[in-house]
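Enquirer: Here it is, the structure, as structure tokens.
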């Protein structure tokens, strides 16, 4: 792996981290909105809709992180393919 590849991978990782943080900030805002709705005594169905939206946004952030994990594992040239697949499978099954 040369320095250019490492720099490109580092820049890509930073971009992915920023995207994940942005998604999580949106989820945080949605959760605060849900709390405010509950405090105001809003309709349960409207609150449920917001819960669903927040869950969906969190799931998207999680899938983005899993994609990052898979890319990271595949780029790790110190592991053989079988070890890499087992690592990804183990993490995926443990947390999904």
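In our numbering, the protein residues as written are 3 to 98.
Every residue gets a Cβ at the ideal spot worked out from N, C-alpha and C, and that includes glycine.
1. Helix, strand or coil, according to DSSP, for residue 8 in the structure here?
2. For my contact list, residue 76 and residue 94 are in at a C-beta cut-off of 8 angstroms; report their separation, rounded to the angstrom.
3. For residue 85, report the span of its alpha helix (DSSP H) as first-last.
4. By the three-class DSSP mapping on this structure, what secondary structure does residue 3 have?
5. Taking the alpha helix (DSSP H) that residue 47 belongs to, which residues open and close that run?
6. Does the Cβ-Cβ distance between residue 32 and residue 50 come in under 8 angstroms?
7. Our contact map puts residue 56 next to residue 36 with C-beta atoms below 8 angstroms; I'd like the distance itself, whole angstroms only.
8. Thinking C-beta only, is residue 48 closer than 8 angstroms to residue 22?
9. In three-state DSSP terms, what is residue 80?
Expert: Here's the rundown:
1. Looking up residue 8 in the chain shown gives position 6. Reduced to three states, the DSSP call for residue 8 is helix.
2. Indexing the chain shown from 1 puts residue 76 at position 74. Indexing the chain shown from 1 puts residue 94 at position 92. Wrong, their Cβ atoms sit about 14 angstroms apart, outside the cutoff.
3. Position 83 of the chain shown holds residue 85. First-last of the alpha helix (DSSP H) with residue 85: 83-97.
4. As a first step, residue 3 must be located in the chain shown, where it is residue number 1. Its pLDDT being 49, under 50, residue 3 is placed unreliably by the model, and nothing is read from it.
5. Here residue 47 refers to the residue found at position 45 of the chain shown. Looking at the DSSP string, the run of the alpha helix (DSSP H) that includes residue 47 is 46-77.
6. The residue given as residue 32 occupies position 30 in the chain shown. The residue given as residue 50 occupies position 48 in the chain shown. No, they are not a contact pair.
7. As a first step, residue 56 must be located in the chain shown, where it is residue number 54. As a first step, residue 36 must be located in the chain shown, where it is residue number 34. Going by Cβ atoms, the distance from residue 56 to residue 36 rounds to 7 angstroms, so yes, they are a contact pair.
8. Taking the first residue of the chain shown as 1, we reach residue 22 at position 20. Taking the first residue of the chain shown as 1, we reach residue 48 at position 46. No. Outside cutoff.
9. Sequence index remark: in the chain shown, residue 80 carries index 78 (1-based). The answer is coil: DSSP assigns residue 80 none of H, G, I, E or B.
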